[in-house]
Amino acid sequence: MSADAVHAGAWAGLVWALRRDLRLAARSAAEVLVVLGFFFVAVTLFPLGVGPDPRVLRLIGAGVIWVCAMLACLMSLARLFAADFADGTLEQMLLSEMPFGAIVCGKIGAHWLTTGWPLMLCTPLVGVQFGLDVTEVGVLLLTLALGTPVLSLIGGIMAALTLGLRGTGALLALLLLPLYVPVLIFGVGAVDAYSAGLGIEGQLSILGAELIVALVGAPLAAAAAVRIAID
Numbered sequence: 152m153s154a155d156a157v158h159a160g161a162w163a164g165l166v167w168a169l170r171r172d173l174r175l176a177a178r179s180a181a182e183v184l185v186v187l188g189f190f191f192v193a194v195t196l197f198p199l200g201v202g203p204d205p206r207v208l209r210l211i212g213a214g215v216i217w218v219c220a221m222l223a224c225l226m227s228l229a230r231l232f233a234a235d236f237a238d239g240t241l242e243q244m245l246l247s248e249m250p251f252g253a254i255v256c257g258k259i260g261a262h263w264l265t266t267g268w269p270l271m272l273c274t275p276l277v278g279v280q281f282g283l284d285v286t287e288v289g290v291l292l293l294t295l296a297l298g299t300p301v302l303s304l305i306g307g308i309m310a311a312l313t314l315g316l317r318g319t320g321a322l323l324a325l326l327l328l329p330l331y332v333p334v335l336i337f338g339v340g341a342v343d344a345y346s347a348g349l350g351i352e353g354q355l356s357i358l359g360a361e362l363i364v365a366l367v368g369a370p371l372a373a374a375a376a377v378r379i380a381i382d
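Residue numbering for the sequence shown follows this note's numbering, beginning at 152 and increasing consecutively.
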């Protein structure tokens, strides 16, 4: 098989899986709304808990939004492969002529489009609660744009590794939260550095490097983990 044919098959597999999972998400929009609802409620609880002091709220704003975005992303990861694994669809995907790694990449992309992207759209609204100005919200959105795909990609690996196990949700949280810490540190650090008048190029560069590494390795690792689970 020629290289062009392989590339065409990989692209076809990615697009097919992306469209399929987006259609399924549209049919079960309640799950997406539950994730967004959790994000809004969790973010809103912090101003109520720490008090109305604008200085305190502005200081913790970026960290709170990032942590809540991480937890919201974590909530939706358990369903990434579970339904397809339960009804045998994953086995059919594995036997498809399209590269399985590309199919997994499409599924992870659909997860980000139905979780990370909506959370980003909601960020300017919740940023107002913490007194973040327009430029600070802009920096926060930039870090989320680089960081939330990493959350989905790393989460895809762990969702595949825990496929078919009992108590998947708790196990995913235990495995993923330590791996999410570097993304959280540099995502929040960029906003804090900007607020302090410092450069943010270093934090953004590290987030970008994490995204590139995750894009290259995560789909293949998740595909291999799914194969092991099916076998």
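Quick reminder that beta carbons are idealized off the backbone N, C-alpha and C, glycines included.
DSSP places G278 inside the alpha helix (DSSP H), whose first and last residues are G267 to Q280. L325 counts as exposed, since fewer than 16 other beta carbons sit within 10 angstroms of its beta carbon.
As for any alpha helix (DSSP H) of minimum length 4 sitting wholly inside the stretch 156-232, the runs are 180-201 and 205-228, ordered along the chain.
Annotation: A163 to M244 spans about 13 Å, alpha carbon to alpha carbon.
Judged by DSSP secondary structure, P333 falls within the alpha helix (DSSP H) whose first and last residues are T319 to S346. Between I308 and A369 a beta carbon distance of about 6 Å is seen, short of the 8 Å cut, so the two are scored as contacting.
In the DSSP assignment, T313 falls outside any alpha helix (DSSP H), carrying neither H nor E. Burial check for P250: the Cβ neighbour count within 10 Å reaches 16 or more, so the residue is buried. L335 is positioned such that its CB atom lies closer than 9 Å to that of G298. Only exposed fits A360, as fewer than 16 other CB atoms lie within 10 angstroms of its CB.
Leaving aside the five residues that flank W263 on each side, the residues in its chain whose CB is nearer than 7 Å to its CB run, in chain order, T299, P300 and S303. For I381, same chain residues with a beta-carbon under 7 Å away, outside a window of 5 residues either side, are L241, E242 and L245 in chain order. Here S227 has V186 and T266 as same chain residues with Cβ atoms under 6 Å from its own Cβ, once five neighbours each way along the sequence are excluded. L355 sits away from T274, with the two beta carbons spaced by 9 Å or more.
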